[in-house]
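Asks: After the structure tokens below, expect a handful of questions from me.
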Amino acid sequence: MDYQSTRSSIKASPVEAVLKGLAPDGGLFVYPQIRDLDFDWRSCVTKDFRSQSAMILSALLPGFGDESSIIEDSYRGKFENDDIAPTVRAGSLYITELFHGPTSAFKDVALSVLPRLINCGKKVTGSESETVILTATSGDTGKAALEGFSNVPGTKIIVFYPSEGVSAVQKAQMVTSSAENVKVCAVKGNFDDCQTGVKKAFTSIPQNLLDRLGKELSSANSINIGRLVPQIAYYFSTYSHLVSDGAIKTCDEIDFTVPTGNFGDILAGYYAKLLGLPIGTLVCASNSNSILTDFLNTGVYDTHREFLRTTSPSMDILVSSNLERLLFHACGNDTEHVSSLMASLSDAGSYKICFGMLSAINHTFRGYHASEEEVSDTIGRVWKDQHYLIDPHTAVAWCCAGKYLSDSGSVRRMAVLSTASPFKFPEAVLNALGQEPGSDDFDLLDELSRVTGQQIPKNLASLRTASVLHEDEVSPEGIGDYVISKLKNWSKE
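Quick note on this note's numbering: the sequence shown kicks off at 14 and runs consecutively.
Below, the structure is given as structure tokens:
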């Protein structure tokens, strides 16, 4: 099995693709023949989450060793219960709760697995270099990556976050990280600045410098296929839950609505569909930064628009990296065409796809967005009507699911991915519930708990007394130099 770059004929084994993270030409690694895999999806939906995950790893990322052991080592003792991704019903919707891990966000599911894949991959290749993980975050990836790679032997990790683009709780989770192998740095800009800077670091830091320092770079963002593949499992898990509950029969199609910024979470759903899972429509739910909604409706991707800071900061993104993988599949694996589209995005800030590609994409994807007012109204209404508490990102998806169902008249079951605990965004949630929040970030957690009667997740409650350990800040242009300085410092230790 060979993965290849979305932008050229560069190929890599699954192990090499995970260890590299990003292709040398700046493209993303994809498996071109995923549609043709002989994957027994019917057997997969009869299994529990761990077994589903192992089966998916075996199919898409072979060569790392015993998949069952990798999965067991990844999840043991990390989540609140054995059901990594429980599904509950609220009104007419089914909600897949992906926030029961160590950082209360869906990123925990994949970022518990990626460190094990990297270590197993290094054993396979015999690499003795230290792996340095470079990660850009819009809020949740950062802490989940820091948690996943915390004190993992043979690794270091640097996380970059937008200085004004994450919630107070998200920032506190990152800057209090105490592991010896981590660095956290604010960037004077937005998430797109962080992500662009990290991508440039991969291609601009000289290989001879890395060799001399005994380092190799990789990524924990969903540009790394090792981060994306484990996310496929919770689509199978959700389907299994609906079958078990009698909501559907095996082979019935269901729809998913996914709150989406960087397009990785929803792309995992597309890969689940290509593996055979009966998925009808994937509703791409955006916040006020509605660039993906506009693209899915028009075929034009145009970044020349105001960047808006919202109450759902993990989705405040204008350059959705994983969309490149979807373009690759939609144009028949034409790397030259994808490369030209990405060059246009880099040079002109926009691109337009042909009607045929848009039609192929719209066969599965629909795009909707929710305004800030709609997000707040949704949180309040769902609490009032269902007594179910949701965070702003989940509210975006809930609102968009309603719009799609109204427009389409679909009678299929709809599952919404709930990607974060509401306690990560207490001010926004309290406002939506008609409260007047105070000014202390951690008093807000107590207030939300008092108002709703729900417990604060332990990992968030402990932030109140944690010390700030990371205060570095750079400009977007300084990311590469910052990485080099840390590489050199680590080599002196």
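C-beta atoms are modelled at their ideal positions from N, C-alpha and C, and glycine is treated no differently.
Just so you know, these numbers come straight off a predicted model, no measurement behind them.
Can you check whether the C-beta of residue 282 is within less than 8 angstroms of a C-beta belonging to chain D?
Replies: Of the protein chains in this structure there is only one, and it is not chain D.
Asks: Beta carbon of residue 492, beta carbon of residue 210: below 8 angstroms?
Replies: Result yes, Cβ atoms of residue 492 and residue 210 sit closer than 8 angstroms.
Asks: Can you tell me which of the three DSSP states residue 14 falls into?
Replies: coil
Asks: Per DSSP, what kind of secondary structure is residue 185 in: helix, strand or coil?
Replies: helix
Asks: Quick one: which unbroken beta strand (DSSP E) runs of 3-plus residues sit fully inside the region 212-278? Chain order, please.
Replies: 228-232 and 267-272
Asks: Could you round the C-beta distance between residue 190 and residue 147 to whole angstroms and report it? I think they count as a contact, below 8 angstroms.
Replies: In fact, because the Cβ distance is near 16 angstroms, the residues do not count as touching under 8 angstroms.
Asks: Which same chain residues end up closer than 7 angstroms to residue 338 when comparing Cβ atoms and leaving out the 5 residues on each side of it in sequence?
Replies: Once the five neighbours on either side are set aside, the close Cβ partners of residue 338 are 19, 41, 43 and 280.
Asks: Have a look at residue 466 and residue 392 and give me their C-alpha separation to the nearest angstrom.
Replies: Going from the Cα of residue 466 to the Cα of residue 392 covers about 16 angstroms.
Asks: Inspect the beta-carbon positions of residue 255 and residue 107 and report whether they are closer than 8 angstroms.
Replies: yes
Asks: Leaving out five residues on either side along the sequence, give the residues of the same chain with a beta carbon under 8 angstroms from the beta carbon of residue 385.
Replies: 300, 301, 323 and 324
Asks: Would DSSP call residue 55 helix, strand or coil?
Replies: Here residue 55 sits in helix by DSSP.
Asks: Give me, in chain order, the residues of the same chain whose beta-carbon lies closer than 7 angstroms to that of residue 503; leave out the 5 immediate sequence neighbours on both sides.
Replies: The answer, listed in chain order, is 169.
Asks: My output table needs one value for residue 295: the three-state DSSP class, helix, strand or coil.
Replies: In the structure shown, residue 295 sits in a strand (DSSP, three-state: E or B).
Asks: Have a look at residue 431 and residue 400 and give me their C-alpha separation to the nearest angstrom.
Replies: Separation of residue 431 and residue 400 (C-alpha to C-alpha, rounded to the nearest whole angstrom) is 15 angstroms.
Asks: Are there 16 or more other CB atoms within 10 angstroms of the CB of residue 194, so buried, or fewer, so exposed?
Replies: buried
Asks: Helix or strand or just coil, what does DSSP make of residue 198?
Replies: Here residue 198 sits in strand by DSSP.
Asks: Within the region 38-99, note down every full alpha helix (DSSP H) run reaching 4 residues or more, in order along the chain.
Replies: 54-57, 62-73 and 80-88
Asks: Report yes or no: do three or more beta-carbon pairs, one from the region 357-370 and one from the region 305-317, lie closer than 8 angstroms?
Replies: yes
Asks: I need the DSSP call for residue 380, collapsed to helix, strand or coil.
Replies: strand
Asks: Report the rounded CA-to-CA distance for residue 157 versus residue 118, giving the unit in angstroms.
Replies: Rounded to whole angstroms, residue 157 to residue 118 spans 8 angstroms at the Cα level.
Asks: Could you name the residues of the same chain whose beta carbon sits closer than 7 angstroms to that of residue 137, not counting the 5 residues immediately before and after it, in chain order?
Replies: 28, 76 and 77
Asks: Determine whether the beta carbon atoms of residue 151 and residue 329 lie at a separation below 8 angstroms.
Replies: Yes, they are a contact pair.
Asks: Where do the N-terminal and C-terminal ends of the alpha helix (DSSP H) with residue 157 fall, by residue?
Replies: 153-162
Asks: Going by Cα to Cα distance, which pick from 445, 447, 440 and 350 is closest to residue 454?
Replies: 440
Asks: Less than 7 angstroms separating the Cβ of residue 328 from some heavy atom of the ligand MN?
Replies: The ligand MN is not part of the structure shown, which contains no ligands of any sort.
Asks: Is DSSP giving residue 107 helix, strand or coil here?
Replies: Strand, per DSSP.
Asks: Measure the alpha-carbon distance for residue 207 versus residue 154 and round it to whole angstroms.
Replies: 13 angstroms
Asks: State the Cα-Cα distance for the pair residue 303 and residue 140, rounded to the nearest angstrom.
Replies: 43 angstroms
Asks: Among 434, 418 and 436, which has the Cα closest to the Cα of residue 428?
Replies: 418
Asks: Anyone know if the C-beta pair for residue 65 and residue 57 falls short of 8 angstroms?
Replies: Yes, they are a contact pair.
Asks: Looking only at its own chain, which residues have a Cβ that is under 7 angstroms from the Cβ of residue 343, when we skip the five neighbours before and after it?
Replies: Closer than 7 angstroms at Cβ, skipping near neighbours: 370, 373 and 374.
Asks: At the level of alpha carbons, what is the spacing between residue 212 and residue 134?
Replies: 22 angstroms
Asks: Output the distance between the C-alpha atoms of residue 319 and residue 331, rounded to the nearest integer angstrom.
Replies: Cα-Cα distance, rounded: 9 angstroms.
Asks: Taking all protein chains shown into account, decide if residue 426 is buried (16 or more other Cβ within 10 angstroms of its Cβ) or exposed.
Replies: buried
Asks: For residue 490, which residues from the same chain have a beta carbon less than 8 angstroms from its beta carbon, with the 5 sequence-adjacent residues on both sides left out?
Replies: So the qualifying residues of the chain are 210.
Asks: For residue 431, which beta-bridge partners are listed by DSSP?
Replies: Here residue 431 is bridged, per DSSP, to 110.
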